Amino acid sequence: MTRKPSDEPENALSSPPCFAADFPGYFGEGSETPVDAMLIERLNALLEAERAGAKVLAILRDGLDQRSTVRHVLERLQKDEGANAVLLYKTIQRLGGVASHDTGAFVHKTLAIDGLTARLGFLNKGQSWVVRKIDEALPDVSDPVARDMLEQMRRSHVDNIAACEALLGEGLPG
Ligand SMILES: [Fe+2]
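Under this note's numbering, residues -17 to 156 are what the sequence shown spells out, in order.
Here it is, written out as structure tokens:
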């Protein structure tokens, strides 16, 4: 017997079901994931702040004697700020955003202040601003890796603010 083309089994596949949901990324839909513009904006503000913090701390560190204990503390803080900037930059790119290349106005504002004590006091205000901004952002961050990064960044800022306050409590030259 002859079968009509409409009876051919392959005709059952002429309109295949969509398996896209079962294979996330396989059909290239990952690149079409909408970018969370609000999150990218917040991460870029933090990126610029961390970049500025790293720059200010490098300048303040380099102005101190190699054997100075204050220098060692600033060295550690500077590394944290630099590492945060790198993490933020990579996270923004991973989330499909465009990472800022700007450095916050914080550098010039800090260096316009006279004396290490006052500059570190101002630095701590900037660090507290970062903690507040992370607190504002966290409730809306659904990406688990970005959440972990921000929570870790918050903890290190709280620790570094305390370390800086301890230095200020001991009294600094200038
Ligand atoms: Fe910071």
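Glycine included, every Cβ here is placed at the ideal spot set by N, Cα and C.
Remember, it's a predicted structure, so these values are computed and weren't measured experimentally.
So is the beta-carbon of residue i under 6 Å away from any non-hydrogen atom of ligand 1?
i	result
Gln109	yes
Gly35	yes
Glu63	yes
Glu133	no
Val140	no
Glu32	yes
Val112	yes
Thinking C-alpha only, which one of the options is nearest residue i?
i	options	result
Pro16	Asn26, Gly79, Glu30	Gly79
Thr73	Gly108, Arg136, Ala128, Arg114	Ala128
Leu21	Gln75, Leu42, Ile95	Gln75
Ser138	Leu120, Ser110, Glu118	Ser110
Asp62	Thr92, Ala81, Ser82, Ala40	Ala40
Ala81	Ala94, Glu23, Asp130, Gln48	Glu23
Glu147	Arg114, Gly103, Gln134	Gly103
What's the gap between the Cα of residue i and the Cα of residue j?
i	j	result
Val123	Ile143	24 Å
Val52	Gly86	24 Å
Asp84	Ala27	10 Å
Asp44	Gly35	14 Å
Phe9	Asp18	Residue placement at Phe9 cannot be trusted, given a pLDDT of 48 that sits under 50; what the coordinates show is reported in the next sentence. Each residue's alpha carbon lies about 21 Å from the other.
Ala145	Glu118	24 Å
Ser50	Glu57	11 Å
Gly108	Leu132	16 Å
Thr92	Pro121	31 Å
Glu152	Asp125	41 Å
Asp96	Asp47	18 Å
Asp141	Arg114	15 Å
Glu11	Leu77	Note that Glu11 scores 48 on pLDDT, short of 50, meaning its location in the model is unreliable and no value can be drawn from it.
Gln134	Leu42	25 Å
Would you call the CB atoms of residue i and residue j closer than 7 Å?
i	j	result
Val55	Leu149	yes
Leu105	Leu70	no
Val89	Val38	yes
Arg101	Ile116	no
Leu157	Leu59	Residue numbering for the chain in the displayed model covers -17 to 156; residue 157 lies beyond these limits and cannot be assessed.
Within 7 Å (strictly less), CB to CB, does residue i reach chain C?
i	result
Asp141	Protein chains in the displayed structure number just one, and chain C is not present.
Would you call the segment 58 to 66 in contact with the segment 31 to 38, where contact means no fewer than 3 C-beta pairs closer than 8 Å? yes
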